[in-house]
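**Q** Be aware that the sequence shown starts at 1, since it is given in the UniProt record's numbering, and climbs by one per residue. Just so it is clear, CB atoms sit at the ideal spot from N, CA and C, and this is done for glycine as well. Values in this document were obtained by computation on a predicted structure and should not be read as measured data. Sharing a structure with you now.
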Amino acid sequence: MDNIYMMDGSWTATTQSSGCGWVWKDSFGKIQLLGSRNLWRRETALHSELEALRWTMKNTLQNSPCQSFGTDCKDLNAMIKEPQVWPSFATKLLQDLFIRNFVTLVVLFQSGYPDRHKIE
């Protein structure tokens with residue numbers, strides 16, 4: 001597998017905080033760098049996933065030429081591929097993310113095999 005940033009957001013309805021984290025794995029699967037943080041609880045689990053992607057990109061593109069990001073959130077992938085279908089998130093995507101031009105987003109399915117999508 002190529003270099004990839006694996007990221008995830010966490011969310012529960014019963015706490016006041018959310019969290020997100022990422023791990024950069026090189027082409028040998030070795031962890032090169034990682035990060036995690038707590039946040040005030042986001043509106044939904046999908047908001048937490050979007051924040052995880054935004055924060056991962058903000059912090060990692062400075063450290064590596066890697067432009068592949070992995071997530072276990074199929075809704076996040078769908079939202080990036082067709083933002084017009086997700087109008088409440090479209091503005092945030094356009095304001096905060098610049099991924100539509102050059103980032104590959106990898107959605108990790110339960111089988112463990114990534115399905116790669118070039119975001120264009």
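1. Could you pull the start and end residues of the beta strand (DSSP E) that THR71 belongs to?
2. Does the distance from the C-beta atom of PRO20 to that of GLY9 stay below 8 Å?
3. In the DSSP assignment, what are the bridge partners of ILE4?
4. To which residues of the same chain is LEU33 closer than 7 Å at the C-beta, ignoring the five residues directly before and after it?
5. Residue 127 by DSSP, collapsed to three states: which one?
6. Relative to the alpha-carbon of TRP22, which residue among TYR5, THR12 and TRP40 has its alpha-carbon at the smallest distance?
**A** Concretely, from the data shown:
1. 68-71
2. The residue you asked about is not Pro; residue 20 is Cys in the sequence shown. Going by C-beta atoms, CYS20 is nearer than 8 Å to GLY9.
3. LYS25
4. TRP24 and ASN63
5. No answer is possible for residue 127: it lies beyond the span of the chain, which begins at 1 and ends at 120.
6. TYR5
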